[in-house]
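**Q** Sequence order for the protein chains is A and B. The opening position of the first sequence corresponds to residue 557 in the working numbering, with each subsequent residue numbered one higher. The opening position of the second sequence corresponds to residue 557 in the working numbering, with each subsequent residue numbered one higher. Encoded as structure tokens, here's the structure I'll be asking about.
Protein chains: 2
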Amino acid sequence: MIIDIHGHTVAPPEMYAYQSNLLASRGNPVSHLKPPKISDQRLGEVLAGHVKILDEVGTDLQLISARPFHMMHSIKPERVVRAWTEFVNDTIARQVAMYPDRFRGVAALPQSPGQDLRACIEELERCVKELGFVGCLLNPDPTEGEGTPPGLGDEYWYPLYEKLVELDVPALVHSAGCSSPRESYTLHFINEESIAILSLLDSRVFEDFPGLKIIVPHGGGAIPYQMGRFRAIRLRSPELEPWDQAVRRLYYDTCNYSADSLSLLFRVMGTDRCLFGTEKPGTGSSVDPATGRWLDDLKPVIESLPELTAEDKARIFEENARRLYRL
Amino acid sequence: MIIDIHGHTVAPPEMYAYQSNLLASRGNPVSHLKPPKISDQRLGEVLAGHVKILDEVGTDLQLISARPFHMMHSIKPERVVRAWTEFVNDTIARQVAMYPDRFRGVAALPQSPGQDLRACIEELERCVKELGFVGCLLNPDPTEGEGTPPGLGDEYWYPLYEKLVELDVPALVHSAGCSSPRESYTLHFINEESIAILSLLDSRVFEDFPGLKIIVPHGGGAIPYQMGRFRAIRLRSPELEPWDQAVRRLYYDTCNYSADSLSLLFRVMGTDRCLFGTEKPGTGSSVDPATGRWLDDLKPVIESLPELTAEDKARIFEENARRLYRL
Numbered sequence: 557m558i559i560d561i562h563g564h565t566v567a568p569p570e571m572y573a574y575q576s577n578l579l580a581s582r583g584n585p586v587s588h589l590k591p592p593k594i595s596d597q598r599l600g601e602v603l604a605g606h607v608k609i610l611d612e613v614g615t616d617l618q619l620i621s622a623r624p625f626h627m628m629h630s631i632k633p634e635r636v637v638r639a640w641t642e643f644v645n646d647t648i649a650r651q652v653a654m655y656p657d658r659f660r661g662v663a664a665l666p667q668s669p670g671q672d673l674r675a676c677i678e679e680l681e682r683c684v685k686e687l688g689f690v691g692c693l694l695n696p697d698p699t700e701g702e703g704t705p706p707g708l709g710d711e712y713w714y715p716l717y718e719k720l721v722e723l724d725v726p727a728l729v730h731s732a733g734c735s736s737p738r739e740s741y742t743l744h745f746i747n748e749e750s751i752a753i754l755s756l757l758d759s760r761v762f763e764d765f766p767g768l769k770i771i772v773p774h775g776g777g778a779i780p781y782q783m784g785r786f787r788a789i790r791l792r793s794p795e796l797e798p799w800d801q802a803v804r805r806l807y808y809d810t811c812n813y814s815a816d817s818l819s820l821l822f823r824v825m826g827t828d829r830c831l832f833g834t835e836k837p838g839t840g841s842s843v844d845p846a847t848g849r850w851l852d853d854l855k856p857v858i859e860s861l862p863e864l865t866a867e868d869k870a871r872i873f874e875e876n877a878r879r880l881y882r883l
Numbered sequence: 557m558i559i560d561i562h563g564h565t566v567a568p569p570e571m572y573a574y575q576s577n578l579l580a581s582r583g584n585p586v587s588h589l590k591p592p593k594i595s596d597q598r599l600g601e602v603l604a605g606h607v608k609i610l611d612e613v614g615t616d617l618q619l620i621s622a623r624p625f626h627m628m629h630s631i632k633p634e635r636v637v638r639a640w641t642e643f644v645n646d647t648i649a650r651q652v653a654m655y656p657d658r659f660r661g662v663a664a665l666p667q668s669p670g671q672d673l674r675a676c677i678e679e680l681e682r683c684v685k686e687l688g689f690v691g692c693l694l695n696p697d698p699t700e701g702e703g704t705p706p707g708l709g710d711e712y713w714y715p716l717y718e719k720l721v722e723l724d725v726p727a728l729v730h731s732a733g734c735s736s737p738r739e740s741y742t743l744h745f746i747n748e749e750s751i752a753i754l755s756l757l758d759s760r761v762f763e764d765f766p767g768l769k770i771i772v773p774h775g776g777g778a779i780p781y782q783m784g785r786f787r788a789i790r791l792r793s794p795e796l797e798p799w800d801q802a803v804r805r806l807y808y809d810t811c812n813y814s815a816d817s818l819s820l821l822f823r824v825m826g827t828d829r830c831l832f833g834t835e836k837p838g839t840g841s842s843v844d845p846a847t848g849r850w851l852d853d854l855k856p857v858i859e860s861l862p863e864l865t866a867e868d869k870a871r872i873f874e875e876n877a878r879r880l881y882r883l
């Protein structure tokens with residue numbers, strides 16, 4: 557079975573028209589907070605296209621969440637973020653209900669820079685307990701490139717970590733937009749992943765929450781490629797566990813569209829720490845002119861890596877996902 | 557011949573005592589701007605240690621510049637940055653004069669966020685024409701993590717690019733410190749390199765300055781590992797040159813302490829775009845317990861890569877450096 561842990565919702569324009577309305581009105585008057593009614597038919601039509609894409613590449617089950625660059629966590633007032641997040645999560649729950657064998661929901665959280673995490677914890681609990689979601693996204697930079705939020709190693713995040721452990725669901729580290737004109741959101745994802753890894757592994761988080769499950773997508777930002785740098789620094793602090801051991805406290809997804817890079821990822825992190833993820837349809841949905849294949853069609857890429865055993869592949873495609881998420 | 561294009565000055569504590577004095581006094585009264593006289597003997601003693609390190613690993617010639625995290629470009633007032641930068645460049649010129657066969661100088665520039673580049677251009681010209689320096693550092697983030705500077709693709713940088721082309725010297729992209737508690741300076745280097753590559757290649761810079769020579773150190777940040785992501789995005793803009801072609805407008809150094817990653821770098825960028833660089837002594841100067849070797853002793857690592865021909869190695873160790881720098 558092929559489980560893709562990194563997918564995002566494909567939704568009709570009515571959904572984004574609502575976001576536009578929320579943003580323009582700032583949710584004021586409050587009547588503008590009221591979400592539109594998207595019919596089952598409209599939702600189903602668009603979703604059928606998504607399912608067809610999964611069929612084409614042989615994905616059996618995909619975990620879907622809010623489209624990250626649309627999360628807009630830095631928008632004020634916070635009620636706009638909250639209304640939007642709840643609406644997207646509710647819409648995903650409807651999509652999962654339409655194809656219960658093909659999708660599972662992953663919650664977006666109504667993060668707002670500088671605010672405590674009460675709203676996030678409530679929404680996580682609602683999504684897991686009431687909507688049957690299996691995990692959440694965690695944005696390490698709710699300022700969206702405008703500030704200096706506490707690193708994921710900071711105790712600011714502890715109430716959320718506590719709830720994640722209690723509910724026994726993983727968080728997928730995923731930033732949202734980026735306001736800097738020199739850094740696109742898609743590059744910001746990568747940079748934030750590197751920052752997240754360093755911040756977590758330079759902290760006490762995994763001592764304080766040994767059961768916490770954190771997945772870093774896109775093959776772990778820059779870190780598998782820059783191992784030597786952080787290995788060298790760690791060697792100067794012999795009281796810390798070695799870098800190669802520390803990185804294995806985290807999990808990584810395969811949403812990196814090069815065979816060479818995936819080879820490096822598996823070699824460095826171990827196939828027991830890597831989960832199949834493609835973000836499809838998404839950033840990688842371009843046809844490679846050399847092969848005529850979608851760049852985000854990663855199943856044949858991974859299958860063709862000669863160094864992987866059948867056991868490695870079973871872990872990557874299915875077993876690690878079943879172990880981490882409650883599927 | 558082994559030419560290491562990425563080294564930093566090793567200087568006695570008197571040098572940093574001066575920086576501390578500058579910072580504490582803000583260069584006010586101006587008498588505090590006056591640099592200390594470090595004797596030839598003091599400078600020579602410390603430098604002999606540096607030369608010994610180069611001897612041990614078989615480096616014939618190293619290009620040295622200011623220790624980047626000490627550049628402190630975001631400090632106010634700007635005259636502090638200027639006095640410090642000039643002092644470090646002058647000290648490096650003295651070091652080069654002591655071992656003219658072993659070192660060449662690379663200039664730091666007195667960059668200050670939000671300021672025009674006149675001071676930088678003056679210092680670049682002084683270093684190249686009067687001190688015989690062969691290139692400069694270029695910090696893409698003089699705010700040191702506190703702001704949103706113009707990307708390297710922005711016309712803000714054009715006066716400097718014009719001068720670099722006129723003097724026919726390369727710039728090595730290197731950020732300085734980072735004020736964010738969640739992002740160490742050493743990780744900031746990596747993230748800033750990824751941002752620099754994207755900003756340059758998404759701009760008109762190389763159309764406007766076809767002779768501009770820009771080197772991205774540390775193996776190019778995250779980009780060689782994340783090629784598929786940016787390849788996919790480029791494929792949706794067929795009017796632009798393909799991503800794999802675009803990245804070859806830049807040069808990269810080998811200052812990445814993993815054999816696997818260097819293999820990936822050479823494969824993706826081509827050995828004609830890669831220059832030997834180690835930053836030794838620096839971040840990588842830890843002994844690998846597995847091999848008993850310094851992690852930044854990269855010569856044997858590169859020599860042992862079975863896929864490289866003698867021609868590839870000659871390019872990486874010597875020829876590309878001679879072609880780019882005027883050595």
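Where is the CB? At the ideal position from N, CA and C, for every residue including glycine.
At a CB distance below 8 Å, what residues from the stretch 716-750 of chain A approach chain B? Give them in sequence order.
**A** Flagged, chain order: Ser735, Ser736, Pro737, Arg738, Glu739, Ser740, Thr742, Leu743, Ile746, Asn747 and Ser750.
**Q** Where do the ends of the beta strand (DSSP E) carrying glutamine 618 (chain A) lie?
**A** Run containing glutamine 618 (chain A): 617-621, per the beta strand (DSSP E) assignment.
**Q** Which chain A residues are close to proline 780 (chain B), counting only those with a beta carbon under 7 Å from its beta carbon?
**A** What proline 780 (chain B) touches in chain A: Tyr781.
**Q** Cα-Cα, which of B:Ile770, B:Gly691, B:Arg638 and B:Pro669 is closest to leucine 619 (chain B)?
**A** Checking every option, the nearest Cα to that of leucine 619 (chain B) belongs to B:Gly691.
**Q** So which residues of chain A does proline 706 (chain B) contact, with C-beta pairs closer than 9 Å?
**A** Residues of chain A passing the Cβ test: Pro737 and Arg738.
**Q** By the three-class DSSP mapping on this structure, what secondary structure does alanine 556 (chain A) have?
**A** Given that chain A is displayed from residue 557 to residue 883, the structure contains no residue 556 (chain A) and the question cannot be resolved.
**Q** Tell me the start and end of each unbroken beta strand (DSSP E) in the stretch 609-661 of chain A that is at least 3 residues and wholly inside, in chain order.
**A** If we require 3 residues or more, the beta strand (DSSP E) runs fully inside the stretch 609-661 of chain A come out as 617-621.
**Q** Residues in the stretch 806-829 of chain B with C-beta within 7 Å of chain A's C-beta atoms, listed in sequence order?
**A** The stretch 806-829 of chain B vs chain A, Cβ under 7 Å: Asn812, Tyr813, Ser814, Asp816, Ser817, Leu820 and Arg823.
**Q** Per DSSP, alanine 727 (chain A) is paired with what?
**A** DSSP, once it has assigned bridges, lists A:Cys692 and A:Ile770 as partnering alanine 727 (chain A).
**Q** How is leucine 761 (chain B) classed by DSSP in three states: helix, strand or coil?
**A** The amino acid at residue 761 (chain B) is misidentified as leucine; the sequence shows valine. Helix, per DSSP.
**Q** Let me see if you follow: with CB-CB separation under 8 Å, is serine 842 (chain B) close to chain A or not?
**A** Output row for serine 842 (chain B): interface = yes.
**Q** Along chain B, in chain order, which residues have C-beta atoms closer than 7 Å to that of glycine 777 (chain A)?
**A** What glycine 777 (chain A) touches in chain B: Ala778.
**Q** From which residue to which residue does the alpha helix (DSSP H) around glycine 563 (chain A) run?
**A** Unbroken run through glycine 563 (chain A) is the beta strand (DSSP E), 559-564; no alpha helix (DSSP H).
**Q** Have a look at serine 759 (chain B) and glutamate 874 (chain B) and give me their C-alpha separation to the nearest angstrom.
**A** The straight-line gap from Cα to Cα measures roughly 30 Å.
**Q** Pull out every residue of the stretch 783-801 of chain B whose Cβ sits closer than 9 Å to any Cβ of chain A, in chain order.
**A** So the list reads Met783, Gly784, Arg785, Phe786, Arg787, Ala788, Ile789, Arg790, Leu791, Arg792 and Pro798, given in the order they occur along the chain.
**Q** For the alpha helix (DSSP H) containing tyrosine 572 (chain A), name the first residue and the last one.
**A** Element bounds for tyrosine 572 (chain A): 569-581.
**Q** How about leucine 687 (chain A): is its C-beta nearer than 8 Å to some C-beta of chain B?
**A** Chain B contact via Cβ: absent.
**Q** With C-beta atoms as the reference, is glycine 833 (chain B) less than 8 Å away from aspartate 560 (chain B)?
**A** Yes, the Cβ-Cβ distance between glycine 833 (chain B) and aspartate 560 (chain B) is below 8 Å.
**Q** Just curious, the alpha helix (DSSP H) that aspartate 800 (chain A) is in, first and last residue?
**A** Taken as a continuous stretch (DSSP letters only), the alpha helix (DSSP H) holding aspartate 800 (chain A) covers 799-802.
**Q** By how many angstroms is the C-alpha of tyrosine 808 (chain A) removed from the C-alpha of serine 750 (chain A)?
**A** About 12 Å.
**Q** In angstroms, rounded to a whole number, what distance separates the CA positions of asparagine 645 (chain B) and alanine 663 (chain A)?
**A** Going from the Cα of asparagine 645 (chain B) to the Cα of alanine 663 (chain A) covers about 53 Å.
**Q** Per DSSP, what kind of secondary structure is leucine 883 (chain B) in: helix, strand or coil?
**A** Coil at leucine 883 (chain B), not helix or strand.
**Q** Which partner residues of leucine 673 (chain B) appear in the DSSP bridge assignment?
**A** Looking at the DSSP assignment, leucine 673 (chain B) forms no beta bridge with any residue, so it has no partner.
**Q** Quick check on cysteine 811 (chain B): does DSSP put it in helix, strand or coil?
**A** Three-state result, cysteine 811 (chain B): coil.
**Q** Give the DSSP bridge partners of valine 843 (chain A), in chain order.
**A** BP columns for valine 843 (chain A) point to A:Trp850.
**Q** Is there at least one non-hydrogen atom of the ligand GTP closer than 7 Å to the beta-carbon of methionine 628 (chain A)?
**A** Only the bare structure without any ligand can be found here, which leaves the ligand GTP out of the picture.
**Q** For lysine 836 (chain B), is the classification buried or exposed, using 16 other Cβ atoms within 10 angstroms of its Cβ as the cut-off for buried?
**A** Under this definition lysine 836 (chain B) is a buried residue.
**Q** Measuring CA to CA, which of B:His730, B:Ser595 and B:Gly701 is closest to serine 621 (chain B)?
**A** The option with the nearest alpha carbon to serine 621 (chain B) is B:His730.
**Q** Would you list the residues sitting across from leucine 831 (chain B) in a DSSP beta bridge?
**A** Looking at the DSSP assignment, leucine 831 (chain B) forms a beta bridge with B:Asp809.
**Q** In chain order, what residues of the stretch 832-865 of chain A put their CB closer than 8 Å to some CB of chain B?
**A** The stretch 832-865 of chain A vs chain B, Cβ under 8 Å: Thr839, Gly840, Ser841, Ser842, Val843, Asp844, Pro845, Leu851 and Asp852.
**Q** If we cut at 8 Å on Cβ distances, does serine 755 (chain A) have a partner in chain B?
**A** Yes, serine 755 (chain A) counts as interfacial toward chain B.
**Q** Is there at least one Cβ from chain C nearer than 8 Å to glycine 826 (chain A)'s Cβ?
**A** No chain C appears in this structure, whose protein chains are A and B.
**Q** Under a Cβ-count criterion, where at least 16 other Cβ atoms within 10 Å of its own Cβ denotes burial, should tyrosine 714 (chain B) be classed as buried or exposed?
**A** Flag for tyrosine 714 (chain B) reads exposed.
**Q** Going by beta carbon distance, what residues of the same chain come within less than 6 Å of cysteine 683 (chain B), once the five residues before and after it are set aside?
**A** Counting only Cβ-Cβ distances below 6 Å, and skipping sequence neighbours, we find Asn645, Ala663 and Phe689.
**Q** Looking at C-alpha atoms only, which residue of B:His744, B:Gly614 and B:Asp596 is the closest neighbour of valine 652 (chain B)?
**A** Selected option, being the one with the closest Cα: B:Asp596.
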